[in-house]
Structure formats: C-alpha cells, structure tokens
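**Student:** In numbering that gives the first Met the number 0, the protein residues as written are 0 to 229.
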Amino acid sequence: MLKNLIAFWKGKEFLSQVLGDFDSMLRDGEVMFTEAYRKLHGKETSADLKDRIYSLDREINRLEREIRRRIVEHLSLQPGVDVPACLVLMSVVKDAERLGDYCKNLYEVTELLEKPLSPELLKDYFENTDQELPALFLKAREAFIKSDERAAHEIIQLERTIIKRCDKVIHRLAKSNLETNEAVCMTLLARHLKRLAAHLANITSSVVVPISSLDFFDEKSRHEVNDTSP
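1. Candidates Thr203, Thr109, Glu178, Gln156: which alpha carbon is nearest Glu148's?
2. Between Ser228 and Lys167, what straight-line distance do the alpha-carbon atoms span, to the nearest angstrom?
3. Give the secondary structure of Thr179 by DSSP, where H, G and I count as helix, E and B as strand, and everything else as coil.
4. Let me confirm a value: Val87 is counted as buried when at least 16 other C-beta atoms fall within 10 Å, else exposed. Which label applies?
5. Are Glu63 and Ala95 close, meaning C-beta to C-beta below 8 Å?
6. Identify every run of the alpha helix (DSSP H) within the segment 34 to 106, keeping only runs that are complete inside it and at least 4 residues long; order them along the chain.
7. Have a look at Ser54 and Glu131 and give me their C-alpha separation to the nearest angstrom.
8. Can you list, in chain order, the residues of its chain with a C-beta nearer than 8 Å to that of Leu39? Leave out the 5 residues immediately preceding and following it.
9. Using the Cα positions of Leu14 and Val183, report the straight-line distance between them to the nearest angstrom.
10. Would Ala197 pass as a contact of Glu158 if the rule is Cβ separation under 8 Å?
11. Relative to the C-alpha of His73, which candidate in Leu98, Gly41, Glu12, Asn127 has its C-alpha closest?
12. Any idea if Gly28 is buried or exposed, counting beta-carbon neighbours within 10 angstroms, 16 or more meaning buried?
13. Below 7 Å CB to CB, which residues in the same chain sit around Gly41 once its five sequence neighbours on both sides are set aside?
14. In chain order, what residues of the same chain lie with their CB nearer than 6 Å to the CB of Glu155, ignoring the 5 residues before and after it?
15. Can you look up Leu199 in the DSSP assignment and give me helix, strand or coil?
16. Use the C-beta contact count for Thr128: other C-beta atoms within 10 angstroms, 16 or more gives buried, fewer gives exposed.
17. Look at the alpha carbon of Ile66 and the alpha carbon of Val17, and state the distance between them as a whole number of angstroms.
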C-alpha cells in the first residue's frame, strides 16, 4: 500500500520535504542511541554529551511538529486527497518521536549507574542487541523510504527476536544476585531497548500492513513473543 501512495506523490515537493525531515528524525535518533550506549560501556564521550542528547531530542520533537504542520496544510489545500498516505505519515512520525524519548531514557540510565556496565555483562545478558539496533535504525529508514517489503519483513522478525530477548533479560534479572544498582539499571535498559525495537518495527510495518493495523501491530507482536521460556 505505502509503495503505491509514495509513487503517487513522487516528485512532489510535499513528499520530498516530509521524507527529508523524517529521515533526519531517524538519523538523530541513531546518533543518540550510539552515544548513550558508549557511555553505558564507560567509553570516553564528549563533556557536553547530556546537552547534545537533549538538544537532539528537542530537534526530533521540532521535526515532528513541522511534519504534522505540513500534513495539515497539505490536507487543507486538497481536502479528501491523499488522506490514507497522510494517516500513515502521522502514525510513523509519532514512532520516530518516541525513538528520541527512549534514546534520551538510555542516557538517563547512565546517570543512575554507580559504575559503567562491563562489556562482558552486557554481552551475557543482551547478546548482540547493541550492534543490531544501530543497524535497525538504518534498515528502517531505507525500508520505509524505498517501500521495501522484503526488508520490512526482515526488520519485523529481528524486532521480535529483540523483544523476546529483552523479556528474558527482565525475568533473569529478577532472580539474579547482581547488585541492586546494576539490576535496576539493567532492567531499565532492557525495557528501553525493547521499546526502541518496537517503534522501529512499527515504522517499517507501514510498508506491509493496512492503515487500520498500524497502531495495533506492536501490540500483536508483544503477544506473539510473550513466551519467555529458555
């Protein structure tokens, strides 16, 4: 469906502006994630990292408002035209905004930590999630803008893997002997990583599901991976 809608708009200034801003939102989210995760590992980061993270989050919020403004203006000039595509854009831009929020939350976990999390501990609990999520940002951008259905399905499958992994992490932490500070921060980390994966999958799901299923796709995914047994 999305491919046909974007094809209909191809070459129009409205589409170019909206997709450009949307791409910037995802790129900024990826930068926020990468920088926050570096700090989780205790790696050297810039002295103004907090200001940078919060500034990027505000920029993502600004771009969301700008995209919504353009959509409203577009519909007011052409009432009844392009409504399905505008509904898709309204939905995915909210997911992109939430990515910024959760990346900011990741940084806030680093402020709660009494000491950096060791790479070995993160690897033991989260496996390759820290490598998979940055790749997911890139793949989600490309799958949405190119309306690549095959890539969208691959992202959805990876998202479900990450969600199931994060659920298992939380169950494992509840029974662990880790220090309280580590256990709490790791639990928050699992929650935030799970939500990041879910919002990226929501964006790409717009390529393969009808509009009526967009806001419910994430909920369905959570039920399908609810088994937390080893």
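Ideal Cβ placement from N, Cα and C applies to all residues, glycine included.
None of the values given here were measured: they were computed from a predicted structure.
**Tutor:** To lay it out plainly:
1. Looking up residue 148 in the sequence shown gives position 149. Ranking the options by Cα distance to Glu148, first place goes to Thr203.
2. As a working mapping, residue 228 is identified with position 229 in the sequence shown. As a working mapping, residue 167 is identified with position 168 in the sequence shown. Reliability of the predicted coordinates at Ser228 is poor, the pLDDT of 40 falling under 50, and the value obtained from them is presented with this limitation in mind. Using only the alpha carbons, I get a separation of about 7 Å.
3. Indexing the sequence shown from 1 puts residue 179 at position 180. Reduced to three states, the DSSP call for Thr179 is helix.
4. Position 88 of the sequence shown holds residue 87. Classification for Val87: buried.
5. What you label residue 63 is simply residue 64 of the sequence shown in a count that begins at 1. What you label residue 95 is simply residue 96 of the sequence shown in a count that begins at 1. Yes, the Cβ-Cβ distance between Glu63 and Ala95 is below 8 Å.
6. 48 to 76
7. Residue 54 sits at position 55 when you count from the first residue of the sequence shown. Residue 131 sits at position 132 when you count from the first residue of the sequence shown. In a straight line, the C-alpha of Ser54 is about 25 Å away from that of Glu131.
8. The residue you call residue 39 lines up with position 40 of the sequence shown. Here the set comprises Leu105, Val108, Thr109, Leu112, Pro115, Leu116, Leu121, Leu188.
9. In the sequence shown, counting from the first residue as 1, residue 14 sits at position 15. In the sequence shown, counting from the first residue as 1, residue 183 sits at position 184. Spanning the two alpha carbons is a distance of roughly 43 Å.
10. Within the sequence shown, residue 197 is the residue found at index 198, counting from 1. Within the sequence shown, residue 158 is the residue found at index 159, counting from 1. For Ala197 and Glu158, yes; Cβs fall inside 8 Å.
11. As a working mapping, residue 73 is identified with position 74 in the sequence shown. Among Leu98, Gly41, Glu12, Asn127, the Cα nearest to that of His73 belongs to Glu12.
12. Position 29 of the sequence shown, counted from the start, is the residue given in the question as residue 28. Per the 10 Å Cβ criterion, buried.
13. Counted from its first residue, the sequence shown places residue 41 at position 42. Closer than 7 Å at Cβ, skipping near neighbours: Pro115.
14. The count along the sequence shown starts at 1 and reaches residue 155 at position 156. Correcting the residue identity first, residue 155 is Ile in this sequence and not Glu. So the list reads Ala200, once near-sequence residues are dropped.
15. As a first step, residue 199 is located in the sequence shown; it is residue number 200 there, counting from the start. If DSSP states are grouped into helix, strand and coil, Leu199 belongs with the helices.
16. In the sequence shown, counting from the first residue as 1, residue 128 sits at position 129. It counts as buried.
17. Mapped onto the sequence shown, residue 66 falls at position 67. Mapped onto the sequence shown, residue 17 falls at position 18. Each residue's Cα considered, the two are about 6 Å apart.
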